[in-house]
Amino acid sequence: MTLIVVVFGLAVGSFLNVCIDRLPRGQSIVRPRSHCPACNTTLAARDLVPVLSYVLLRGSCRYCSAPIPKRVLLVEVGTGLLFLLLWSLYGPSLYFLLAALAASVLVAVLVIGFEHRVGLGRGHGSPETKRKGIRDGVRR
Ligand SMILES: [Zn+2]
């Protein structure tokens, strides 16, 4: 059962990466299907296996060799470990589900905040958020 919880955590981490990539840009987290941001190739199922795909592809796109951010791996592994920790604390219970949900939201919010320098005051936006006019998570 513990293995299932960790694999579930890895899968949730993979979904969180989609949220982290797309939500700050105002994009849907459902469509389009996952694609390489560099070459736009739609990724196959074998490219989307949490952790395993990253390791087997040595952290780069199968189609254009563009590097995949290390954050993708960190979020997947981190979420898997968080789920393992919460499972060891709460076991099979509603508490586990609620804590896992809260932890997932927290991971996404923290990573988005870190990547976009939200909350560090004026003038600290990342080059991308400055270019796109996004500050404090609000498009202006
Ligand atoms: Zn690519």
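Just so it is clear: in the sequence shown, position 118 is 122 by my numbering, and no numbers are missing. Each residue gets a CB set at the ideal place from its N, CA and C atoms; glycine is no exception. The structure presented is a predicted model; accordingly, all values stated were derived computationally and were not measured.
Tell me residue i's beta-bridge partners as DSSP assigns them.
i	result
H120	Answer by DSSP bridge pairing: none, since H120 is not bridged.
S64	P71
T46	H39
Starting from the C-beta of residue i, find all residues in its chain whose C-beta is less than 6 Å away, skip the five residues before and the five after it, and write them out in chain order.
i	result
V22	I33
L77	Y58
R66	D51
I116	I24 and P28
R26	I33
If we count the other Cβ atoms within 10 Å of its Cβ and call it buried at 16 or more, is residue i buried or exposed?
i	result
P28	buried
V109	exposed
G30	exposed
T6	exposed
A49	exposed
L105	exposed
Quick one: what's got a C-beta closer than 7 Å to residue i's C-beta in the same chain, skipping five residues either side?
i	result
P54	L14, A15, G17, S18 and E80
L101	none
F118	none
Which residues in the same chain have their Cβ closer than 8 Å to the Cβ of residue i, if we skip the five residues on either side of it in sequence?
i	result
P36	T46
L61	D51 and I72
C68	C40, A42, C43 and T45
G63	P71, I72, K74 and L77
T83	G13, L14, V16, G17, L20, A107, S108 and V111
A103	L90, L93 and Y94
Looking at residue i and ligand 2, is the gap between the Cβ and the nearest heavy atom below 7 Å?
i	result
A42	Ligands displayed in this structure: ligand 1; ligand 2 is not among them.
Per the contact definition of three or more C-beta pairs closer than 8 Å, is the stretch 82-93 in contact with the stretch 5-13? yes
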